[in-house]
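Notes for the one structure printed next.
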Amino acid sequence: MKKDIKVKLSVILSIAFFVVMLIYSSFIYRNSLGVLDIYILDVGQGDSMLIKTPNNYWALIDGGRDESALNQISNILPMLSNHISFIISTHPDLDHYGGIDNILETYKVDYLFLEEDQHESDDYDILNQIILDQNITEAELNQENDFDFDGMTFNIIWPTPIDHKELKTIYEKNDRSISVELIYKNFNIVNMGDLSKEFELEAIKDLNLSDVDLIKISHHGSKTATSSELLSSIQPKAALISVGRNNTYGHPAKETTDTINQFHLPIYRTDTSGTIHIQTDGINFLKIRSDTQDWIEYNL
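Structural data, given as structure tokens:
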């Protein structure tokens, strides 16, 4: 008899917990409508940007080098959520796509936008096999493939439709990076991929909004990117750098941070601040926090 009572009590508590979680999730869902959340994930020496759309869909730009992106995503996505609408892989460098296979094996992903790897690495072959096995729709992006999703515009500002696949060196591969201007109402953020200075200046010619609210600095703050001409042209409110702690590349380069400091821009770095969280309704507010900093508000 006592055993039956314990079993019934356990079932009742489990049901009660489930109901509470549903109510909590519903409350969070209702109160987050209309708000865009962007996370620059702390994935070490790599890149990964997680996006929660105004109606609570999820998207990802790059997946870092390893399982670090998956770990970060699992901490952010709500319980019982297992769906990412699409992933954009900016270019076939391991520190941008190396963690995508783990994500595809954990979450249902509808679309994956990526460029063919001309170097035919084993890691990219493994990723492509997972894409085939899971029947994920795959496509490439360029300036002719802008698209709208849940009230946002993903303006592909680079590459051009011209075929650059004859470019073979690692630096030229970086300059084929998919670069995106993400627009939500009056707010925009630019993700430059790993473009170098020359190609950044070409890419911003395709911006929909002349001024940029936020820029994710190209190539982890490498000295090959982020010219004063770029920052002068787009006038961002803050700079975001995805970079690993004590990395062997010397990123971000002093030359780059000096350039940013000339414009008196706040710099948010994943190596010193952890994951960076951006939130905006696209009209009234824009605020940024990190693992080590409270919310700071900026005018839109």
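When we follow UniProt numbering, the leftmost residue of the sequence shown carries the number 1, and every step to the right adds one.
We put the beta carbon where it would ideally sit given N, CA and C, even for glycine.
Rounded to whole angstroms, the gap between the alpha carbons of threonine 292 and proline 266 is 15 Å. By DSSP's assignment, tryptophan 295 forms no beta bridge with any residue.
Inter-residue distance for threonine 272 and glycine 244 is about 9 Å (C-alpha atoms, whole angstroms). Per DSSP, the unbroken alpha helix (DSSP H) holding asparagine 102 starts and ends at 100 to 104. As the crow flies, the alpha-carbon of glycine 34 is around 4 Å from that of proline 54.
Only residues of its own chain outside the window of five on either side were considered, and among them Phe113 have a CB closer than 6 Å to the CB of alanine 139, listed in chain order. Look at asparagine 284 here: in three-state DSSP terms it is coil, with no helix or strand label.
Minimum Cα-Cα distance from isoleucine 73 among the listed residues Tyr39, Asp93, His96 corresponds to Tyr39. In the pairwise beta carbon analysis, the segment 250 to 261 is classified as not touching the segment 277 to 297: fewer than three pairs are separated by under 8 Å. Nearest to glycine 64 by alpha-carbon distance, out of His91, Gly221, Gly99, Leu77, is Gly99. Just so you know, the alpha carbons of isoleucine 204 and aspartate 281 end up roughly 24 Å apart.
Unbroken beta strand (DSSP E) runs of no fewer than 3 residues, entirely contained in the segment 111 to 151, are found at 137 to 139, 147 to 149, following chain order.
For tyrosine 268, DSSP records a beta bridge to Leu240.
Between tyrosine 124 and proline 78 the beta-carbon gap is near 31 Å, outside 8 Å, which marks them as no contact. Here valine 212 is not near isoleucine 178, since their CB atoms are 9 Å or more apart.
By the CB criterion at 9 Å, serine 242 and histidine 220 fall inside the cutoff.
Check the Cα spacing between leucine 240 and each of Tyr268, Asp37, Glu198, Leu80: the tightest is with Tyr268. Taking glycine 44 as reference, the option from Leu231, Asp66, Ile215, Ile61 with the minimal CA-CA separation is Asp66.
The beta carbons of leucine 201 and isoleucine 157 sit about 11 Å from each other, so the pair does not count as a contact at 8 Å. At least 9 Å separates the beta-carbon of serine 68 from that of leucine 94. Judged by their CB atoms, tyrosine 184 and lysine 237 are not nearer to each other than the 9 Å cut-off. In the three-state scheme derived from DSSP, where H, G and I count as helix and E and B as strand, isoleucine 217 is classed as coil. DSSP lists Ile276 as the bridge partner or partners of serine 290.
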